[in-house]
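For reference, the structure discussed in these notes is given below.
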Amino acid sequence: MNEGHRLLDIRRLYVEPAAAELPRGKEIIQRFPDAERVEIESHHRIPELYGDEANVARWVRIKTEALVLGVKKSLTARPNGRSSDFIAPSTANGCAMACAYCYVPRRKGYSNPITVFANIDKITGYLARHAGRQGVKPEPNQVDPRAWVYDIGENSDCSVDATVSANVHDLVGLFRDLPNAKASFATKYVNRELLGWDPRGRTRVRFSLMPAADAKLLDIRTSPVADRIAAIDDFVEAGYEVHVNFSPVVVRDGWLEDWAELLGQLDDTLGPAARAQLAAEVIFLTHNDRLHEVNLGWHPKAEEVLWRPDLQQPKRSQTGGWNVRYRTGHKGRYVTALTDLIAEKLPYCTVRYAF
């Protein structure tokens with residue numbers, strides 16, 4: 100049985116009428132025939148899911164039992180420059196997993212089950228036209244030397260999304276045939292069904308990794324870090340480009356020693372093909388006061404390492420709250436210490452960026 104069934108036990112479908120009329124919407128409804136169907140005006144406005152403080156106590160249950168089916172209204176590819184050249188229009192948002200540091204719930208408010216967008220044909224058509232307009236990439240950059248790279252999973256985990264609908268399969272198929280573009284997504288979930296999709300090097304999977312002690316506390320409902328590392332060779336053999344995200348890096352007592360152990364585990368596991376194409380992103384923790392308050396209601400233990408006023412400084416966010424990051428000056432030393440360690444332990448691994 101697919102491991103995704105342990106993450107999801109869909110009992111209620113919240114459905115926009117327009118989504119139910121589309122072929123992908125009909126497929127998803129048929130996939131969950133026993134689920135109660137609730138008609139909604141908009142996937143953005145579901146009071147019993149979003150913005151209700153009482154949902155903190157039902158955080159994981161909602162993620163397990165609810166699925167939202169909508170239509171993506173605005174189709175834009177936003178310039179990025181770090182993980183990708185562009186952020187593709189979402190084919191889903193929200194997640195069945197429950198990582199304690201995730202930024203999505205602070206936007207949606209207390210609960211963020213998966214929302215799937217049924218108008219996949221419009222999204223893939225838009226992406227094909229957008230990539231066509233870019234033409235040949237004029238010069239290499241840190242994202243990729245030749246291809247325009249589109250992040251297809253900014254607000255969700257595509258490996259989990261693929262257990263719910265064929266949207267991710269369609270995106271991998273689209274980019275397989277685009278001569279100048281690649282798809283890219285970060286994941287904390289090993290979905291081996293993706294191994295049969297023949298991406299032909301045009302989809303980059305970025306497995307997110309952190310020390311086991313951090314993952315046990317913070318990466319709730321995800322695949323074990325050892326399983327993610329063990330999957331890298333298999334995904335490379337299946338035709339994916341595979342990078343790693345060292346993210347988020349959490350500073351605590353013994354953090355650098357634990358990262359050294361993780362990097363050693365990675366080096367011991369990877370075969371020659373995976374090493375030859377490996378690159379990494381290094382992202383230190385950014386936290387948020389609103390997410391801090393949410394976490395105190397369902398996972399306060401995580402906040403002992405995520406919320407560290409003694410190490411962090413606040414900055415007003417665009418949404419009016421406060422983001423906290425490791426203090427200027429100190430953070431630079433943390434970044435240097437970890438990137439030096441990567442160079443020592445994984446000399447074949449390019450660090451594409453670190454912040």
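Letter by letter, the sequence shown follows residues 100 to 454 in our numbering.
Glycine included, every Cβ here is placed at the ideal spot set by N, Cα and C.
request  = Please say whether Ala282 and Val335 have beta carbons closer to each other than 9 Å?
outcome  = Position 236 of the sequence shown, counting from 1, holds the residue named residue 335. Position 183 of the sequence shown, counting from 1, holds the residue named residue 282. Taking 9 Å as the Cβ cut-off, Val335 and Ala282 do not qualify as a contacting pair.
query = Candidates Val242, Ser173, Ala165 and Asn344: which alpha carbon is nearest Met196's?
reply = Residue 196 sits at position 97 when you count from the first residue of the sequence shown. Among Val242, Ser173, Ala165 and Asn344, the Cα nearest to that of Met196 belongs to Ala165.
query = In terms of alpha-carbon separation, which member of Val393, Arg320, Gly431 and Arg228 lies closest to Thr163?
reply = Along the sequence shown, read from residue 1 onward, the residue named residue 163 stands at position 64. For Thr163, the nearest C-alpha among the options comes from Arg320.
message = So, with DSSP's three-state summary, where would you put Pro408?
response = By 1-based counting over the sequence shown, the position of residue 408 is 309. Pro408 falls in the coil class under three-state DSSP.
inquiry  = Across the stretch 233 to 244 and the stretch 258 to 270, are there enough close Cβ pairs to call them in contact, namely three or more that are closer than 8 Å?
reply    = no
key: Short Cβ contact (9 Å threshold) for Cys257 with Val343   = Here residue 257 is taken as the residue at index 158 of the sequence shown, counted from 1. Here residue 343 is taken as the residue at index 244 of the sequence shown, counted from 1. Not closer than 9 Å, so no.
query = Just the Cα atoms here: how many angstroms apart are Pro212 and Pro408?
reply = Sequence index remark: in the sequence shown, residue 212 carries index 113 (1-based). Sequence index remark: in the sequence shown, residue 408 carries index 309 (1-based). Going by the C-alpha atoms only, they are around 30 Å apart.
ask   = Rounded to a whole number of angstroms, what is the C-alpha to C-alpha distance between Lys207 and Glu340?
value = As a working note, residue 207 is residue 108 in the sequence shown. As a working note, residue 340 is residue 241 in the sequence shown. Per-residue confidence for Lys207 stands at a pLDDT of 49, beneath the threshold of 50, marking its modelled position as unreliable; no derived number is given.
Coarse secondary structure for Tyr433, derived from DSSP in three states = Residue numbering aside, residue 433 sits at position 334 when the sequence shown is read from its first letter. Three-state result, Tyr433: helix.
message = Contact between the stretch 305 to 315 and the stretch 347 to 354 is defined here as three or more beta-carbon pairs at a separation below 8 Å; is this criterion met?
response = yes
Val82 classed as buried or exposed, judged by whether at least 16 other C-beta atoms fall within 10 angstroms = The requested residue 82 does not occur in the structure, where the chain is confined to residues 100 to 454.
query = So Thr438 and Val393 are in contact, right, with Cβ under 8 Å, and what is the actual spacing, rounded?
reply = As a working note, residue 438 is residue 339 in the sequence shown. As a working note, residue 393 is residue 294 in the sequence shown. With a Cβ gap of about 32 Å, Thr438 and Val393 do not count as contacting.
Nearest-angstrom Cα separation, counted from Glu126 out to Ile145 = Sequence index remark: in the sequence shown, residue 145 carries index 46 (1-based). Sequence index remark: in the sequence shown, residue 126 carries index 27 (1-based). Going from the Cα of Ile145 to the Cα of Glu126 covers about 22 Å.
key: Candidates Ala134, Ala285 and Ser210, of which the one nearest Arg160 by Cα   = Translated into positions along the sequence shown, residue 160 becomes position 61. Selected option, being the one with the closest Cα: Ser210.
message = In the DSSP output, what is Pro413 paired with across the bridge?
response = The residue given as residue 413 occupies position 314 in the sequence shown. Beta-bridge pairing links Pro413 to Val423.
query = Is DSSP giving Leu355 helix, strand or coil here?
reply = Walking along the sequence shown from the start, residue 355 turns up at place 256. DSSP places Leu355 in helix when its eight states are reduced to three.
task = Give the secondary structure of Gly296 by DSSP, where H, G and I count as helix, E and B as strand, and everything else as coil.
result = One-based indexing of the sequence shown puts residue 296 at position 197. Checking the sequence, you will find Trp at residue 296 rather than Gly. Coil.
ask   = On the three-state DSSP scale, how would you describe Lys281?
value = Along the sequence shown, read from residue 1 onward, the residue named residue 281 stands at position 182. It is a strand residue.
ask   = Counting along the chain, where does the alpha helix (DSSP H) carrying Ala314 start and finish?
value = In the sequence shown, the residue the question calls residue 314 occupies position 215. That run of the alpha helix (DSSP H) goes Ala311 to Leu317.
query = Less than 9 Å separating the beta-carbons of Leu168 and Tyr225?
reply = The residue given as residue 168 occupies position 69 in the sequence shown. The residue given as residue 225 occupies position 126 in the sequence shown. Against a cut-off of 9 Å, the Cβ pair of Tyr225 and Leu168 comes out as no contact.
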